[in-house]
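S.K.: The sequence shown begins at 47 in my numbering and counts up by one.
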Amino acid sequence: MKFSQSDANALMEITSRPELMFVRGSGSWLEDNNGKRYLDFIQGWAVNCLGHCPEPVVKALNQQGATLINPSPAFYNKPSIELAQRLTGASCFDRIFFANSGAEANEGAIKLARKWGQLNRKGAYKIITFDHSFHGRTLATMSASGKPGWGTIFAPQVDGFPKADLNDLDSVRALIDDQTVAVMLEPVQGEGGVIPATAEFLRELRRLTQERGLLLIVDEVQTGMGRSGKLFAYQHAGIEPDIMTLGKGIGAGVPLAALCAREAVSCFKHGDQGGTYNGNPLMTAVGVAVFDALTAPGFMESVNARAEQLSRGLNELSAKWGMKGERGQGLLRALVMDRDDGTAIVDAARDAAPEGMLLNSPRPNLLRFMPALNVTADEVAQMLQRLDAVIAKLRG
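In structure tokens form, the structure reads like this:
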């Protein structure tokens with residue numbers, strides 16, 4: 047199968063893509079149109095939590111696709127109820143709204159918080175977010191994000207998202223006023239450079255929001271569903287947020303997300319929230335299969351073992367090459383380099399022969415690692431060895 051750039055021009059140009067086309071995948075490996083294989087440590091930006099084409103997902107799609115795909119969200123369906131029960135049973139939340147993307151779930155969280163503010167805080171609407179955060183690509187979630195330069199791309203921004211500094215409680219406290227309704231954060235800022243919120247900060251933030259009568263929203267689109275080493279990252283701090291959003295790993299590759307809320311906050315009236323495909327049985331049947339795989343005996347223990355192996359290996363590479371260490375949580379990790387050669391490393395790893403490797407550099411001096419949660423010890427070792435070889439080749 048040949049790749050044709052002229053054929054690809056039918057797609058809207060939104061990002062720079064290499065001239066290759068992936069045609070199949072299995073586990074931690076992808077294969078392109080030329081038959082070349084790639085060890086994938088991006089996994090769709092932490093989406094494919096069980097790797098490419100995992101058997102539970104394929105089975106759920108085939109079985110549900112032959113039974114019932116989309117009866118309309120105006121009616122109940124069994125898989126959505128089953129998945130909602132699993133999520134509420136494993137968390138501190140009582141109600142679930144299913145969506146199609148993390149951005150849509152975060153948009154729903156913003157709407158829910160503002161609705162709650164209308165009912166309980168005299169119309170308060172401001173949601174404190176954080177510099178370097180990333181919450182999505184809708185107008186509201188871009189405005190909520192603290193990504194540099196995003197404030198003017200589609201100006202004017204949606205009002206009401208003052209920015210604090212992660213792990214600095216005083217910066218949050220200084221922004222609270224009569225119009226504040228909530229604080230929203232990622233437990234680990236992924237796009238921002240894999241920067242974790244400390245457990246102490248999360249606990250202090252929960253105390254502050256409770257003292258001031260504010261909601262606490264955790265955006266776990268990237269950290270949720272086992273990525274952090276626990277099912278949900280907020281559990282590391284031993285807190286109970288009011289609202290949580292999920293995406294990416296909840297569907298392991300299919301478009302599924304969730305807005306989770308405690309009963310006291312679930313104040314949408316009929317018609318306030320909806321969506322044509324939301325909670326359809328095809329997607330939520332996959333969600334059930336994914337949830338059951340992640341919560342199977344021994345699965346999370348394996349995630350944490352691989353996380354420890356990856357962290358140790360990245361620290362060894364850092365020491366060898368005079369870099370600045372690694373950071374992260376679970377299988378969301380970053381190597382902080384001593385120079386801005388992230389893009390060069392990504393390109394060289396992808397173009398290596400006879401097999402390539404897929405890495406991500408969200409910052410020029412940073413590599414981010416988001417392997418499948420069921421990545422093997424041998425695959426982690428292979429990635430580390432190949433990365434070392436790429437760095438050696440580039441740095442001579």
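From the three backbone atoms N, C-alpha and C, an ideal C-beta is built for every residue, glycine too.
Taking 8 Å as the cut-off, decide whether the C-beta atoms of Leu221 and Glu250 are in contact.
M.R.: Numbered from 1 along the sequence shown, position 175 holds the residue referred to as residue 221. Numbered from 1 along the sequence shown, position 204 holds the residue referred to as residue 250. Not a contact, by the Cβ cut-off of 8 Å.
S.K.: Using DSSP's beta-bridge definition, name the partner residues of Gly402.
M.R.: Position 356 of the sequence shown holds residue 402. Its beta-bridge partners are Tyr84.
S.K.: Would you check if the distance between the CB atom of Gly71 and the CB atom of Cys95 is smaller than 8 Å?
M.R.: Counting from one through the sequence shown, the residue named residue 71 turns up at place 25. Counting from one through the sequence shown, the residue named residue 95 turns up at place 49. No, these two residues do not count as a Cβ contact at 8 Å.
S.K.: Apart from the five residues just before and just after Lys439, which ones in its own chain have a Cβ nearer than 7 Å to its Cβ?
M.R.: By 1-based counting over the sequence shown, the position of residue 439 is 393. These residues qualify, in order along the chain: Ala394.
S.K.: Where Leu419 and Ser74 are concerned, what is the direct C-alpha to C-alpha distance, given to the nearest angstrom?
M.R.: Taking the sequence shown and counting its residues from 1, one reaches residue 419 at position 373. Taking the sequence shown and counting its residues from 1, one reaches residue 74 at position 28. If you take the alpha carbons of Leu419 and Ser74, they lie about 10 Å apart.
S.K.: Distance, Cα to Cα, Met429 vs Ala298?
M.R.: The residue given as residue 429 occupies position 383 in the sequence shown. The residue given as residue 298 occupies position 252 in the sequence shown. Straight-line Cα distance between these residues: approximately 22 Å.
S.K.: Which residue spans inside the region 137 to 201 form an unbroken beta strand (DSSP E) run of at least 3?
M.R.: If we require 3 residues or more, the beta strand (DSSP E) runs fully inside the region 137 to 201 come out as 141 to 145, 172 to 176.
S.K.: Met416 and Ile156 - do their beta-carbons sit closer together than 8 Å?
M.R.: Walking along the sequence shown from the start, residue 156 turns up at place 110. Walking along the sequence shown from the start, residue 416 turns up at place 370. No; because the gap between Cβ atoms is not below 8 Å, this pair is not in contact.
S.K.: I'd like to check one pair, Val392 with Asn406: are the Cβ atoms closer than 8 Å?
M.R.: Walking along the sequence shown from the start, residue 406 turns up at place 360. Walking along the sequence shown from the start, residue 392 turns up at place 346. Against a cut-off of 8 Å, the Cβ pair of Val392 and Asn406 comes out as a contact.
S.K.: Using alpha carbons as the reference points, say which of Gly371, Pro343, Trp196 lies closest to Leu356.
M.R.: The residue you call residue 356 lines up with position 310 of the sequence shown. Checked all of Gly371, Pro343, Trp196; the closest Cα to Leu356 is Gly371.
S.K.: What first and last residue would you give for the alpha helix (DSSP H) that runs through Ile127?
M.R.: As a first step, residue 127 must be located in the sequence shown, where it is residue number 81. 124 to 135 is the span of the alpha helix (DSSP H), which, as asked, contains Ile127.
S.K.: What are the start and end residues of the beta strand (DSSP E) that includes Val267?
M.R.: Translated into positions along the sequence shown, residue 267 becomes position 221. Per DSSP, Val267 belongs to no beta strand (DSSP E) and is neither H nor E.
S.K.: Taking the alpha helix (DSSP H) that Arg219 falls in, what are its first and last residues?
M.R.: On the sequence shown, residue 219 is found 173 positions in, with the first residue counted as 1. That run of the alpha helix (DSSP H) goes 215 to 219.
S.K.: Quick one, are the C-beta atoms of Ala279 and Glu266 less than 8 Å apart?
M.R.: By 1-based counting over the sequence shown, the position of residue 279 is 233. By 1-based counting over the sequence shown, the position of residue 266 is 220. In this structure, Glu266 lies closer than 8 Å to Ala279 by Cβ.
S.K.: In this structure, what does DSSP give as the bridge partners for Leu76?
M.R.: Counting from 1 along the sequence shown, the entry for residue 76 is found at position 30. BP columns for Leu76 point to Gly71, Tyr84.
S.K.: Going by DSSP in three states, Ile391 sits in which element: helix, strand or coil?
M.R.: Here residue 391 is taken as the residue at index 345 of the sequence shown, counted from 1. Note: Ile391 maps to helix in three-state DSSP.
S.K.: Leaving out the 5 sequence neighbours to the left and right, which residues in its chain are closer than 8 Å to Ser137 when beta-carbon positions are compared?
M.R.: As a position in the sequence shown, residue 137 is number 91, starting the count at 1. Closer than 8 Å at Cβ, skipping near neighbours: Leu277, Phe278, Met290, Cys306.
S.K.: Is DSSP giving Val421 helix, strand or coil here?
M.R.: Numbered from its first residue, the sequence shown carries residue 421 at position 375. If DSSP states are grouped into helix, strand and coil, Val421 belongs with coil.
S.K.: On the CB-based measure, 16 or more other CB atoms within 10 Å of its CB, does Ala399 come out buried or exposed?
M.R.: Counting from one through the sequence shown, the residue named residue 399 turns up at place 353. Classification of Ala399: exposed, given that the 10 Å Cβ count is below 16.
S.K.: Less than 8 Å separating the beta-carbons of Gln375 and Pro242?
M.R.: Within the sequence shown, residue 375 is the residue found at index 329, counting from 1. Within the sequence shown, residue 242 is the residue found at index 196, counting from 1. Yes, they are a contact pair.
S.K.: Gln431 bridges to which residues according to DSSP?
M.R.: Here residue 431 corresponds to residue number 385 of the sequence shown, with the count starting at 1. None; Gln431 has no bridge partner.
S.K.: Give me, in chain order, the residues of the same chain whose beta-carbon lies closer than 8 Å to that of Leu231; leave out the 5 immediate sequence neighbours on both sides.
M.R.: Here residue 231 is taken as the residue at index 185 of the sequence shown, counted from 1. Hits under 8 Å: Thr175, Phe176, Ser179, Leu212, Ala243, Leu251, Ile263, Val264, Asp265.
S.K.: Measure the Cβ-Cβ separation of Pro117 and Val336 and say whether it is below 8 Å.
M.R.: For the purposes of this step, residue 117 is taken as the residue at position 71 of the sequence shown. For the purposes of this step, residue 336 is taken as the residue at position 290 of the sequence shown. Cβ distance not < 8 Å, so Pro117 and Val336 don't count as in contact.
S.K.: From Gly111 to Met329, what does the alpha carbon distance come to, in whole angstroms?
M.R.: Within the sequence shown, the letter at position 65 stands for residue 111. Within the sequence shown, the letter at position 283 stands for residue 329. Cα to Cα, the separation comes out at about 10 Å.
S.K.: From Gly402 to His181, what does the alpha carbon distance come to, in whole angstroms?
M.R.: If you number the sequence shown from 1, residue 402 lands on position 356. If you number the sequence shown from 1, residue 181 lands on position 135. Rounded to the nearest angstrom, the two C-alpha atoms are 31 Å apart.
S.K.: Does the structure place the region 136 to 154 close enough to the region 305 to 320 that three or more beta carbon pairs sit under 8 Å?
M.R.: Yes: at least three Cβ pairs fall under 8 Å.
S.K.: Per DSSP, what are the beta-bridge partners of Ile289 in this structure?
M.R.: On the sequence shown, position 243 is the one that residue 289 refers to. Beta-bridge pairing links Ile289 to Ile263, Ala307.
S.K.: Restricting to Cα atoms, I'd like to know which of Pro301, Phe49, Gly272, Gly442 is closest to Val69.
M.R.: For this step, residue 69 is matched to residue 23 along the sequence shown. Nearest option by C-alpha distance: Phe49.
S.K.: Report buried or exposed for Ser126, applying the criterion of at least 16 other Cβ atoms within 10 angstroms of its Cβ.
M.R.: On the sequence shown, position 80 is the one that residue 126 refers to. Counting Cβ neighbours within 10 Å, Ser126 comes out buried, since at least 16 surround it.
S.K.: Using three-state DSSP, classify Gln375 as helix, strand or coil.
M.R.: Translated into the one-based positions of the sequence shown, residue 375 becomes position 329. Three-state result, Gln375: strand.
S.K.: If you run the structure through DSSP and keep just helix, strand and coil, what is His11?
M.R.: Nothing about residue 11 can be read from this structure; the chain reaches only from 47 to 442.
S.K.: Given that a residue counts as buried once 16 or more other Cβ atoms are within 10 Å of its Cβ, and exposed if not, what is Ile60?
M.R.: Residue mapping note: residue 60 aligns to position 14 of the sequence shown, counting from 1. When all chains shown are included, Ile60 counts as exposed.
S.K.: Apply the 10 Å Cβ neighbour rule to Gly15 and answer buried if 16 or more other Cβ atoms are within range, or exposed otherwise.
M.R.: Outside the shown range of the chain, which is 47 to 442, sits residue 15, and nothing can be said about it.
S.K.: Determine whether the beta carbon atoms of Ala186 and Asp224 lie at a separation below 8 Å.
M.R.: Counting from 1 along the sequence shown, the entry for residue 186 is found at position 140. Counting from 1 along the sequence shown, the entry for residue 224 is found at position 178. Not closer than 8 Å, so no.
S.K.: Nearest by alpha-carbon distance to Trp162: which of Asn55, Leu261, Asp387 is it?
M.R.: By 1-based counting over the sequence shown, the position of residue 162 is 116. It is Leu261.
S.K.: Looking only at its own chain, which residues have a Cβ that is under 6 Å from the Cβ of Ala331, when we skip the five neighbours before and after it?
M.R.: As a working mapping, residue 331 is identified with position 285 in the sequence shown. Answer for Ala331: Ala106, Gln110, Pro125, listed in chain order.
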